[in-house]
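Undergrad: Protein chains in written order, with numbering that gives the first Met the number 0: chain A, 0 to 218; chain Z, 0 to 54. A single structure is presented below for examination.
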Amino acid sequence: MRKIWWKILCSALLIYTVAYGMISDVPALHTLHETIRNLFYHVPMWFTMIFLLLISMIYSIIFLKKKDLKYDLYASALAHVGCFFGVLGFVTGMLWGQYTWGSPLPQDPKIIGAAIAILIYFAYFILRSSVNDEEKKAHLSGAFNIFAFIMLLIFTGVYPRMVDSLHPGNGGNPGFNNYDRDARLSAVFYVAIPAWILLGLWISELKIRIDLLKKDNSI
Amino acid sequence: MEEVKNQGPKMADMLYQNGKIYVVVGVLVIILVGILGYLFFLDRKIGKIEKQKNK
């Protein structure tokens, strides 16, 4: 009944990413050295977060249109897993920053923006837990979820590009394409992105199924 | 260490190359396969509960 092929695909891509990403030939860059390999692990955490939060917002819109509480459950589970990946991106970025920028939390607009965006999602969870009426909770948090995703885009996509940032592709820094065009990096990077996104979807699917069972008092 | 190894007969020593990075790769793959296997296990377990519910 349930499709399993994409989970096997996810596993294969992830094993390739983790194994080949560690031993593949990478360009020799100043300051970064071998840490450029974090491109295959740290960066896809954020891509996965944004992807899951986008789907979460879409389910919130579907809920607000169709008024079926099932879609609200989908939106909340995806937001949970999305924020989990965001926290992973944050923590891995702190470790990477410590050894390349010299500080785990430099005054960087993208880091501050990401922190604010994650805090807005924490407000979403607090809002959800503070309303007892299921219908009201779904309506309020559904509307808030749309606002939260737009804020996420502004704080991580727009604002860092308007000021100087340490992150590539923002402010006065060279675009992502400088690294991206290197065939050695993209051979792993373009596999890493779908691999981690599929993992995020897989975990979200499990959470949704558990939440549905809980709702029916089956577990 | 390296010299001593080079004096002996040539054996399959892939895991000793490149500063033994392949050992780390092996560890990572084992952990990853373990985590993915656990996800598959959870997937099946949830599937079973879903089946029970539908009965």
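We treat Cβ as the ideally placed atom computed from N, Cα and C, and that holds for glycine. Nothing here was measured: the structure is a model prediction, and the numbers come from that model.
Tell me which residues share the same chain as A182/A and place their Cβ nearer than 8 Å to its Cβ, disregarding the 5 neighbours each side in the sequence.
TA: So the list is empty, once near-sequence residues are dropped.
Undergrad: Determine which residues of the stretch 155-167 of chain A have a Cβ less than 7 Å from any Cβ of chain Z, and write them out in chain order.
TA: The residues in question: there are none.
Undergrad: Suppose the cutoff is 7 Å on Cβ atoms and the five residues either side in sequence are ignored; what does the same chain contact list for A76/A look like?
TA: Cβ within range, chain order: S203, K206, I207, D210.
Undergrad: Whole angstroms is fine: what's the gap from G101/A's alpha carbon to L63/A's?
TA: If I take the Cα positions, the gap works out to 46 Å.
Undergrad: Note the first and the last residue of the continuous alpha helix (DSSP H) segment covering F83/A.
TA: Where F83/A is concerned, the enclosing alpha helix (DSSP H) stretches over 68-99.
Undergrad: For N131/A, which three-state DSSP category applies?
TA: Reduced to three states, the DSSP call for N131/A is coil.
Undergrad: Less than 8 Å between the beta carbons of F154/A and A116/A, yes or no?
TA: Against a cut-off of 8 Å, the Cβ pair of A116/A and F154/A comes out as a contact.
Undergrad: Between I35/A and P43/A, is the Cβ-Cβ spacing less than 8 Å?
TA: No, they are not a contact pair.
Undergrad: Run down chain A in chain order and give the residues with a C-beta less than 7 Å from the C-beta of K52/Z.
TA: Under the 7 Å cutoff, chain A gives L212, D215, S217.
Undergrad: Taking beta-carbon pairs under 8 Å, can you tell me which members of the stretch 19-47 of chain Z lie near chain A?
TA: From the stretch 19-47 of chain Z, only I20, Y21, V23, V24, L27, V28, L31, V32, L35, L38, F39, L41, D42, I45, G46 have a Cβ closer than 8 Å to chain A.
Undergrad: Could you please tell me which residues of the stretch 12-42 of chain A, in chain order, have their CB closer than 8 Å to any CB of chain Z?
TA: Taking 8 Å as the Cβ-Cβ cut-off against chain Z, the residues of the stretch 12-42 of chain A that qualify are L13, I14, V17, A18, M21, I22.
Undergrad: Are there three or more Cβ pairs, one per stretch, closer than 8 Å when the stretch 56-75 of chain A is compared with the stretch 3-11 of chain A?
TA: With a cut-off of 8 Å, the stretch 3-11 of chain A and the stretch 56-75 of chain A do not count as touching, because too few Cβ pairs lie within range.
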